[in-house]
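Read through the structure below, which is laid out as structure tokens, and then see the notes.
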Amino acid sequence: MRVTLKDIADEAGVSMMTVSNVVNGKRARVSPDTIERIQRIVAERGYVPSASARSLAAKSSRLIGLLVPAADEDSLMISPHNVAIVGQIERELRKGGYHLLLRGIAEPAEVAEALQSWSLDGAVLLGFLDEEIDRLTPRTIGKVSLLAIDSYSANPLTTGVRSDDFTGALLAARHLISLGHSEIVFASPSFSSVGVVHQRYEGFRAAFAEAGMEWRERLVTVETTTHAQGRSLGLRLMSEHPDATAVFATADILAIGIMEGLAESGFSVPADVSVLGFDDLDLSRYVTPKLTTIAQDIPQKAQIAVRQLLATVESREHLTDPITLDVRLIERDSTASPPVLVRAGLEEQDARGQRDVE
Numbered sequence: 001m002r003v004t005l006k007d008i009a010d011e012a013g014v015s016m017m018t019v020s021n022v023v024n025g026k027r028a029r030v031s032p033d034t035i036e037r038i039q040r041i042v043a044e045r046g047y048v049p050s051a052s053a054r055s056l057a058a059k060s061s062r063l064i065g066l067l068v069p070a071a072d073e074d075s076l077m078i079s080p081h082n083v084a085i086v087g088q089i090e091r092e093l094r095k096g097g098y099h100l101l102l103r104g105i106a107e108p109a110e111v112a113e114a115l116q117s118w119s120l121d122g123a124v125l126l127g128f129l130d131e132e133i134d135r136l137t138p139r140t141i142g143k144v145s146l147l148a149i150d151s152y153s154a155n156p157l158t159t160g161v162r163s164d165d166f167t168g169a170l171l172a173a174r175h176l177i178s179l180g181h182s183e184i185v186f187a188s189p190s191f192s193s194v195g196v197v198h199q200r201y202e203g204f205r206a207a208f209a210e211a212g213m214e215w216r217e218r219l220v221t222v223e224t225t226t227h228a229q230g231r232s233l234g235l236r237l238m239s240e241h242p243d244a245t246a247v248f249a250t251a252d253i254l255a256i257g258i259m260e261g262l263a264e265s266g267f268s269v270p271a272d273v274s275v276l277g278f279d280d281l282d283l284s285r286y287v288t289p290k291l292t293t294i295a296q297d298i299p300q301k302a303q304i305a306v307r308q309l310l311a312t313v314e315s316r317e318h319l320t321d322p323i324t325l326d327v328r329l330i331e332r333d334s335t336a337s338p339p340v341l342v343r344a345g346l347e348e349q350d351a352r353g354q355r356d357v358e
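Heads up: the sequence shown at position 24 corresponds to 24 in UniProt numbering, and the numbers run straight through without jumps.
Shown next, in the form of structure tokens:
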């Protein structure tokens, strides 16, 4: 039988309020002997305070929800980026004395149900489309503080943290252009006129304009950002785009799949085709060849996200200005000059060698 607050109070010979105060850390008006007696009985009887009761006493649940789109049972945490950031968020919340509850959202109506039925102090939205966040209203949210990660929504009910997606893609395209590439495929999930992928698309195009070049649009979209979709794309890439010499994928996991598909099709990376990703997942350092990528600082993103959210939770004021984090190019082994330039360079070396002999 579950031990109750009344059981502890009866055995200790004190009121239920005194036991509640000791259990919840409000001990200023309780004698040291009484505190010691209550704590001993709590330990002996294995008493566990009710979470709902503690929430009422503290006027705070210390619970933060993390909502992730989940179209089916296999898609909740399929993204390595999401897996990494969820782990970091949980660690940061624990440091602040909060607990994380993870919820997959299959239908838009489930957002309101999750926010209002869990007694949450706040919630993080991860992986939602900006259009979905735009539709959130005070009635949907209730009194829950919200933070959206990697969002460009202008909804004033949320605050946000995101990476500089435009600059990241700009750096990626600049790197490939500097190597001599002009026929570059942009590989991504389908996207609208706002959001993360759109920002990366615009940054990618801006690099060509900056270089005074025209990009012959080679836009290839996949259904989901997964290794399997990348591999499928890599298998057919060169038959559909025989002139392409490089690929910029909007996620590392997609880029790694593309490299695998290219290899299975008989193409070498980077000798035949250069591949560049975005994220700098741990996996990108261990594949062969090691993946050149745009690095975003996931631990920093999680740390700032939690700091922003808890600031709104504890002040009850909405901090609407999003924070944008810097990104950087990590040059590894999956990018090189295009084959035609390599061949031209070798031929020039041969010609110079021949002239030296003569």
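In this text, a Cβ means the ideal position worked out from N, Cα and C, and glycines have one as well.
According to DSSP, which residues form a beta bridge with residue 39? Paired residues: none, contrary to the question.
Output needed for residue 191: all residues of its chain with C-beta closer than 6 Å, excluding positions within five of it in sequence on either side, in chain order. Answer for residue 191: 197 and 198, listed in chain order.
Cβ-based burial, residue 161 [other Cβ within 10 Å; buried from 16]: By the neighbour-count criterion, in which 16 or more other beta carbons inside 10 Å mark a residue as buried, residue 161 falls on the buried side.
Hey, quick one: how far does the alpha helix (DSSP H) through residue 66 stretch, first residue to last? Premise fails: residue 66 lies in the beta strand (DSSP E), 63-69, not in any alpha helix (DSSP H).
For residue 332 and residue 213, what's the separation of their Cα atoms in angstroms? 25 Å
Taking the Cβ atom as the reference point for each residue, do residue 218 and residue 185 lie within a distance shorter than 7 Å? A contact, by the Cβ cut-off of 7 Å.
By the 10 Å Cβ neighbour count, where 16 or more other Cβ atoms means buried, how is residue 130 classified, buried or exposed? buried
According to the Cβ coordinates, are residue 207 and residue 170 closer than 7 Å? A contact, by the Cβ cut-off of 7 Å.
By alpha-carbon positions, which one of 262, 124 and 4 ends up nearest to residue 63? 124
Here's a check: name, in chain order, each residue in its chain whose Cβ is nearer than 6 Å to the Cβ of residue 56, leaving out the five neighbours to either side. Caution is warranted here: a pLDDT of 49 is assigned to residue 56, below 50, making its placement in the model unreliable, and no coordinate value can be reported.
Can you tell me the Cβ-Cβ gap for residue 147 and residue 305, rounded? I've got them flagged as a contact below 8 Å. 6 Å
Hey, how far is the Cα of residue 256 from the Cα of residue 295? 15 Å
Please classify residue 97: is it buried, with 16 or more other beta-carbons within 10 angstroms of its beta-carbon, or exposed? exposed
Is DSSP giving residue 230 helix, strand or coil here? helix
Please state whether the Cβ-Cβ distance between residue 258 and residue 276 is less than 7 Å. no
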